[in-house]
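What follows is a short report on a single structure.
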Amino acid sequence: MINKAFSFCLTWALLLISVLANAQQQDTESGAVNQFFRSNGKIYVIVGVLVIIFLGIVLFLINLDRKISKLEKREKNNL
Amino acid sequence: MARHWWKALAILLVLYVIIAGFTVKIPIIGTNGQSSRGLFFHVPMWICMYTMFAVSVTNSLLYLTKYDLKRDVYASSAAGIGTFFGILGFATGTLWATYTWGGTLTDDPKQMCTAIAILIYMAYLVLRLSIHDIDKRARISAVFNIFAFALLIPLTYIIPRMVDSLHPGSASTPGFASKDTDGGMKMVLYPAFIGWTLLSVWIYSLVVRYKKLELKNIFK
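Quick mapping for you: the protein sequence lines, in order, are chains A and U. What the first sequence shows, in full-length UniProt numbering, is residues 1 to 79, in sequence order. What the second sequence shows, in full-length UniProt numbering, is residues 1 to 220, in sequence order.
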């Protein structure tokens, strides 16, 4: 379960970075992602931090939603 | 999966708000500087709070018409989530005020009145804890909730407009007047309202389902 969640998070983080990177000009010399996150007073680093925190909370909510659904189903079958 | 579309919409909208909220071009005015971006995160907390308190008072009124205990579960869950978002809004507001108004707790009427309104709702939650008989608890807290909502509107909407406030546009119609808020900021602000409200409804639905499971013997 933990392994699954971790790989899911990692995939999403990498996906996000690649999407953000494509929105900027490609810079072959020092890496587009690196260049992008160092631009404009490094505000994009903070955007990334908040996106990760928010996605963490969302994953927690989805997990909670599923757990409650499972409990509801079990209650229904017991009655 | 089809009935979960609004949860996905909430996630996408808030993600958009987080990314655009930091990168969109905003006008730099006075002592605010870049902190004007707080608008995208501070104001939606209040929208969530008002939504939840409206849901709460509606269900309290419905409880008093038929004495259905499910309505009490809806009302108390919504009041709890509403208070949670109210505290988040107040906390973000005091942080913002510290660096733009020169004080964490200022003599701004909106800030003070909001603090009183949140305290009234906290009293509602404490009142519920003090009564063990569930029918009595439901009735008394439903009546209290109606008075709390009746105080919320004058405290947070009417009084702050009658006196001078540090909040922008306080004497007029704040935010929605076409000259008060920059057009680019509105492109982020309105999706923020919708996204955060949907997110609060999601959290609310989870709490309701949890409480229903907890009280399943009563609802059988």
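Using N, Cα and C, we set each Cβ at its ideal position, and we do this for glycine too.
Which of helix, strand or coil DSSP assigns to residue i
i, result
"U:V163", "coil"
"U:W101", "coil"
"U:R71", "helix"
"U:I140", "helix"
"U:T65", "helix"
"A:G41", "helix"
"A:K67", "helix"
"U:T106", "coil"
"residue 229 of chain U", "Since the displayed chain U opens at 1 and closes at 220, residue 229 of chain U lies outside it and no answer follows."
"U:D182", "coil"
"U:V208", "helix"
"U:D135", "helix"
"U:I26", "coil"
Buried or exposed by the 16-neighbour rule on C-beta atoms within 10 Å, applied to residue i
i, result
"U:F53", "buried"
"U:K110", "buried"
"U:P44", "buried"
"U:Y67", "exposed"
"U:V201", "buried"
"U:D72", "buried"
"U:V126", "exposed"
"U:R128", "buried"
"U:S76", "buried"
"U:L152", "buried"
"U:T197", "buried"
"U:G89", "buried"
"U:Y203", "Here residue 203 of chain U is Ile; the residue named in the question, Tyr, does not match the sequence. Buried, because 16 or more other Cβ atoms sit within 10 Å of the Cβ of U:I203."
Reference residue i; option with closest CA among the options
i, options, result
"U:I18", "U:I28, U:V207, U:L61, U:M185", "U:M185"
"U:M162", "U:D135, U:G80, U:D108, U:Y16", "U:D108"
"U:K7", "U:G195, U:M49, U:Y74", "U:G195"
"A:V45", "A:V33, A:N78, A:G56", "A:V33"
"U:Y121", "U:G183, U:F149, U:K136", "U:F149"
"U:I134", "U:D164, U:L69, U:K216", "U:L69"
"U:G30", "U:L9, U:P168, U:I159", "U:P168"
"U:A20", "U:A78, U:A192, U:S130", "U:A192"
"A:F36", "A:L55, A:T11, A:L16", "A:L16"
"U:Y63", "U:Q34, U:A138, U:T181, U:P154", "U:A138"
CB contact flag (residue i, residue j, <8 angstroms)
i, j, result
"U:T83", "U:I118", "yes"
"U:I26", "U:S36", "yes"
"U:W96", "U:L166", "no"
"U:S60", "U:A142", "yes"
"U:V207", "U:G80", "yes"
"U:L199", "U:V14", "yes"
"U:T92", "U:H42", "yes"
"U:G86", "U:M112", "no"
"U:Y210", "A:I62", "no"
Assumed close pair residue i, residue j - CB separation to whole angstroms, cut-off 8 angstroms
i, j, result
"A:I43", "U:F22", "6 angstroms"
"U:T65", "U:T114", "Not quite, the Cβ-Cβ distance comes to about 30 angstroms (not below 8 angstroms), so this is no contact."
"U:I11", "A:V58", "5 angstroms"
"U:L213", "A:L71", "6 angstroms"
"U:I146", "U:V57", "6 angstroms"
"A:E75", "U:K216", "6 angstroms"
Below-8 angstroms beta-carbon distance, residue i vs any chain D residue
i, result
"A:V45", "Any reference to chain D falls outside this structure, whose protein chains are A and U."
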